[in-house]
Amino acid sequence: MSKSLELIKERASNPKLWLVVGVGVAGIVVLAETRRRRRRRNTHKQDFGAFVERFELLPFPQPPPPAAKQMLSSLTFAISDMFDVKGYVTGFGNPDWKRTHEEAEKTAVVVTALLKNGATCVGKTVMDELSIGISGENNHYGTPTNPQMPSCIPGGSSSGSAVAVATELVDFAIGTDTTGCVRIPASFCGIFGFRSSHGTVSTVGVLPNAQSLDTVGWFARDPSVLHRVGHVLLKLNSAETKRSRSIIFADDLFQLSKVPTQKTVYVVGKAIENMSGYQVPKHMNLCPYIASKVPSLKLHPASTDQENGASILKALSSVMLTLQGYEFKTNHEDWVKSIKPKLGRDVFDRVIAAINTTHDNIKTLYKVRTEMRAAFQSLLKDDGILVIPSVADSPLKLNTKKGLSSEFHDRTFALSSIASVSGCCQVTVPLGSHNGGCVSVSFISFHGADKFLLDTVLDMYSTLQEQVSVASYSLPLPDTNGNIETSELLKEKGNAAFKGSQWNKALNYYTEAIKLNGMNATYYCNRAAAYLKLACFQQAEDDCNNAILIDKKNVKAYLRRGAARESLLRYKEALEDFKHAQVLEPQNKDASKGERRVRKSMA
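What follows is the structure, given as structure tokens:
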């Protein structure tokens, strides 16, 4: 018998040994069961956690033949928990609200319109509490599961409605959009989301968040369903007038997006080439245009002396959130103070901030809103469609700590504030995927051009899908072969052009140098400088990343990447770059200035 077996035999009668073994086995069993239950909870949530209440509202009686079928006949839909339904309490995403309010005496006008046109309502969906937030998380009713990225937020506030559509539980769903509450979840869940022009769809029977920003929106997987729902809610006639379309790309806003423009701008541009009735697309930087056309924006406290894109968007989103807080306080302060509802941590912080804030410059905020609407009417006229990213980032992981989500919110609100403040209509259009997440762009048209925008999406989408397929197989690869001496000559020519403020010319020279020698950090770093001058911040960051991969002690690369990230509102990353540059060069004045500037922005 071996020594190990003899040892086991000798100690087998020791009760302490069996106690240790028993505890160990029990611990393994408990751990395995905990993991199994957690996995089951995450993967087998009923209806993906989309619904807070299930019921069925049948459509109104349909006209007998030979009358045509109603426009929404045989379609099912869900509604966010802020639309009234006769005989049900509208819960506003919070149990205390539901407990302290009576059943609705009438059904919301938009729900009635959908029922009259043949659709069947199957229930109310989960939403952010009190419609404050864009994560889609709800501590009381659970967070609906994002079917595209189950470990990430679905986006909100109309999260359940988006998930119900994305998982094919219903054909379409309705929600409200105040600060992006339809557009954001549509983007994260890979479906269409339409924000109607402010005031064009009735909000009678809908709980208010902030009336000067609130609109009714809707989700669909199919552009034809999106179009049909729009015709009903907007009370449009079927007659279609043919007119040309002018597509405008907001190049500076695409700098905020981490998705390659090959999968967004390129796809839309190629689709237009193959279609009639579309003018040659235009490109512009939107932020300077807003700065020139919305003078009241400079009077807002969040505005800075610097008129760069980041400060303009930050001021605009601050106007949106301040307006929301002011009107939310007007609507709900008495209820919050008397009931003292139990709220999720993030919601509680926002609600208390809204209730406790005094607003001395409210007239300026409404003036910004008026000027924004006029500016976009002037820009888009009667045939223009502005193309921007729907969101800047992929969705956050579930239960992300508040500190880590602040930059995400800043960058998301920077984009959503454009339509919210101007009152324009906007549609989120899905365009495939990138790195496991959904890709989308948004089309914005002037206030009141909802039919024009819906018609455009219906007209373009099949061609867009074709170009998505083509783009996914045709991403260009860098050419790293070439002659070293020639690349140095091109670099020197680029430097001369840069000194002469010929940014595009310098960019072309540096690009040719990189094609010949892709392992030179200086070439990437110099091209990043040119990109910064052209406000192409994402490309500048990418070039600095390449430079740092080649040379980890390249101080200029850290400085330029910090500047790019600062302009992209990613302050924490920018701060790290400026700090790292100071470690490499303690006396570097640009690094210390950059650090102070970013800390001031973060504060």
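The end of the sequence shown is residue 604 by our numbering, with every number in the run present.
Even for Gly, the Cβ is constructed at its ideal location relative to N, Cα and C.
None of the values given here were measured: they were computed from a predicted structure.
Determine the direct distance from the alpha carbon of residue j to that of residue i, and round the result to whole angstroms.
i: Lys364; j: Leu298; result: 12 Å
i: Leu533; j: Ala565; result: 7 Å
i: Val90; j: Ala558; result: 58 Å
i: Gly595; j: Asp411; result: 19 Å
i: Val613; j: Leu314; result: Lying outside 2 to 604, the shown extent of the chain, residue 613 is not represented and no answer is given.
i: Lys271; j: Ala187; result: 24 Å
i: Thr512; j: Tyr267; result: 19 Å
i: Ser421; j: Arg370; result: 9 Å
i: His102; j: Asn95; result: 11 Å
i: Val110; j: Gly191; result: 28 Å
i: Ser81; j: Val205; result: 14 Å
i: Ala529; j: Tyr572; result: 18 Å
i: Gly124; j: Thr262; result: 39 Å
i: Phe52; j: Gly495; result: 59 Å
i: Val348; j: Thr401; result: 14 Å
i: Met520; j: Ile551; result: 7 Å
i: Ser593; j: Gln583; result: 7 Å
i: Asp591; j: Leu585; result: 13 Å
i: Ala393; j: Gly134; result: 17 Å
i: Ser159; j: Gly176; result: 5 Å
i: Arg600; j: Leu432; result: 36 Å
i: Ile389; j: Ser443; result: 5 Å
i: Trp504; j: Ala541; result: 13 Å
i: Lys580; j: Arg598; result: 12 Å
i: Gly181; j: Phe414; result: 8 Å
i: Ala450; j: Gln378; result: 10 Å
i: Ala69; j: Ser312; result: 54 Å
i: Leu476; j: Gln466; result: For Leu476, the predicted model reports a pLDDT of 44, less than 50, meaning its position is unreliable and no value from the coordinates is stated.
i: Pro587; j: Ser136; result: 40 Å
i: Ala605; j: Asp456; result: The displayed coordinates of the chain run from 2 to 604. Any statement about residue 605 would go beyond what the structure contains.
i: Ile291; j: Val352; result: 30 Å
i: Ser258; j: Thr265; result: 10 Å
What residue range does the beta strand (DSSP E) around residue i cover?
i: Val320; result: Premise fails: Val320 lies in the alpha helix (DSSP H), 310 to 340, not in any beta strand (DSSP E).
i: Ser443; result: 438 to 446
i: Ile249; result: 247 to 251
i: Gln212; result: Counting along the chain, Gln212 falls outside any beta strand (DSSP E), and DSSP gives it neither H nor E.
i: Thr126; result: 121 to 126
i: Ala174; result: 173 to 178
i: Lys294; result: It is not in any beta strand (DSSP E) - Lys294 instead sits in the alpha helix (DSSP H) that spans 287 to 294.
i: Arg244; result: Arg244 -> no beta strand (DSSP E), and no H or E assigned at all.
i: Gly194; result: 193 to 196
Give me, in chain order, the residues of the same chain whose beta-carbon lies closer than 6 Å to that of residue i; leave out the 5 immediate sequence neighbours on both sides.
i: Thr44; result: Here the model assigns Thr44 a pLDDT of 45, short of 50, so the residue's position is not dependable, and the following value carries that caveat. Nothing meets the Cβ criterion.
i: Ala221; result: Phe173, Phe193, Leu227
i: Ala548; result: Ala522, Tyr525, Cys526, Asn555, Ala558
i: Val469; result: Val268, Leu432, Gly433
i: Tyr279; result: Arg246, Ile273
i: Thr77; result: Thr121, Val123, Val171, Asp172
i: Met603; result: Tyr572
Say whether chain C places a C-beta atom closer than 9 Å to the C-beta of residue i.
i: Ala564; result: The structure shown has no chain C; it contains just one protein chain.
Leaving out five residues on either side along the sequence, give the residues of the same chain with a beta carbon under 8 Å from the beta carbon of residue i.
i: Tyr327; result: Ala211, Ala355, Thr358, His360, Ile363, Leu366
i: Pro296; result: Glu372
i: Leu491; result: Tyr510, Tyr511, Glu513, Ala514, Leu517
i: Ala251; result: Met285, Asn286, Leu287, Leu387, Val388, Ile389
i: Val458; result: Phe193, Pro224, Leu227, His228, Val428, Val430, Phe444
I need the boundaries of the alpha helix (DSSP H) containing residue i, first residue and last residue.
i: Gln427; result: Segment 426 to 435 is the beta strand (DSSP E) holding Gln427; no alpha helix (DSSP H) there.
i: Gly385; result: No alpha helix (DSSP H) holds Gly385; the beta strand (DSSP E) holding it covers 385 to 390.
i: Gly161; result: 160 to 167
i: Arg571; result: From DSSP, Arg571 is part of no alpha helix (DSSP H); its letter is neither H nor E.
i: Arg136; result: This sequence places Ser at residue 136; Arg is not what is there. Neither: Ser136 is in no alpha helix (DSSP H) and is coded neither H nor E.
i: Asp186; result: Before going on, a small fix: residue 186 reads as Pro here, not Asp. Pro186 -> alpha helix (DSSP H) spans 184 to 190.
i: Asn547; result: 538 to 551
i: Val205; result: That residue, Val205, is in no alpha helix (DSSP H); it is neither H nor E in DSSP.
i: Val281; result: Per DSSP, Val281 belongs to no alpha helix (DSSP H) and is neither H nor E.
Give every residue of the same chain whose Cβ lies closer than 7 Å to the Cβ of residue i, excluding the five residues on either side of it in the sequence, and list them in chain order.
i: Arg42; result: Low local confidence applies: a pLDDT of 45 at Arg42 is under 50, so the model's placement there is unreliable, and no value is given.
i: Leu208; result: Met83, Thr91, Phe93
i: Arg196; result: Asp178, Val183, Arg184, Thr216, Gly218, Ala420, Cys426, Gln427
i: Pro342; result: Asn95, Asp97, Trp98
i: Leu116; result: Leu58, Pro60, Phe61, Cys122
i: Asp48; result: Leu170
i: Gln368; result: The sequence shown places Lys at residue 368, not Gln. Here the set comprises Ser297.
Decide if the region 376 to 393 is in contact with the region 128 to 138; the criterion is three or more beta carbon pairs, one per stretch, under 8 Å apart. no
Completely contained alpha helix (DSSP H) runs for the region 38 to 116, where each covers 4 or more residues: 96 to 100
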